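J.:
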Amino acid sequence: MVLVSAALIMPLHIDAVMAARCRHQNTVGAATLMAALMPFSSCCYLYSAAYKSRLKMSIFCHGLLAVVLLAKVSEDILDRLDIFILSLQELYVPKPLLWEWCWLMSIPVAGVGLSALRKNNAASMKIYVSGTFMFGIVPVLAAAFLYFSEMSEYIQTKSNVTFWQGYPIAVLWYIFIVLAVQIHVFSLYFAIRLILAWQKVVTVRKAK
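Residue numbers for the sequence shown, in numbering that gives the first Met the number 0: 0 to 207.
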């Protein structure tokens, strides 16, 4: 959580620096307007480079969470394929719920985001933003609502809840939910900022 939070601080600092440069550029006269276009493009490039790096970090963290959830649902997948591994069955992993399958759909969406980063493609990045909200944010919020009563019961009584391997399932899921929400929110922030930066570059090029 600390790493992801730290990743958010630097782009906000860059925002302040770039805003100061843009305010300075607004003071130039009409005769030097074209000369100011190159520094402005450089500003947008700095925006893009910073947010690209941090979005890649967010997608990497997303991938780590995906590995965890894939490991959790692997027993069910193998069972559907009539493949039985005794060591997995003895773990008595709870059957995956609908929200878990929906969240796993965010994995290919992350691939769209990586492709958009490579190509500086604003249209693909918009698809990534929409897909991350639909298959990332919405399922984990549904899970938070689903396990809320059980989490509250555990906080108040430390009992009358479902346990797995000695750990309360609601607590385990809330750890996952908190991490996922942070990663998705930061991913959306970085992606939206990239879209805006790329659109500014297009606007400057058209102005030339």
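A virtual CB, placed ideally from N, CA and C, is assigned to each residue, including glycine. Predicted model only: the values in this text are computed from it and were never measured.
Given a cut-off of 8 Å, decide if residue 151 and residue 61 are closer than it, judged by their beta-carbon atoms.
T.: Contact: no.
J.: For residue 193 and residue 95, I'd like the C-alpha separation in whole angstroms.
T.: C-alpha separation (whole angstroms): 35 Å.
J.: Answer with buried or exposed for residue 74, where buried requires no fewer than 16 other C-beta atoms within 10 angstroms of its C-beta.
T.: Per the 10 Å Cβ criterion, buried.
J.: Compare the beta carbon distance of residue 179 and residue 64 with 8 Å and say whether it is the shorter of the two.
T.: Cβ distance < 8 Å, so residue 179 and residue 64 count as in contact.
J.: Does the pairing of the region 128-146 with the region 108-116 give three or more beta-carbon distances under 8 Å?
T.: Enough Cβ pairs lie closer than 8 Å, so yes.
J.: Pick helix, strand or coil for residue 189, following the three-state DSSP scheme.
T.: Helix, per DSSP.
J.: In the DSSP assignment, what residue or residues form a beta bridge with residue 138?
T.: Paired residues: none, contrary to the question.
J.: Got a sec, what are the start and stop residues for the alpha helix (DSSP H) residue 147 sits in?
T.: First-last of the alpha helix (DSSP H) with residue 147: 147-156.
J.: Using the DSSP secondary-structure output, state which residues sit across from residue 162 in a beta bridge.
T.: Looking at the DSSP assignment, residue 162 forms a beta bridge with 167.
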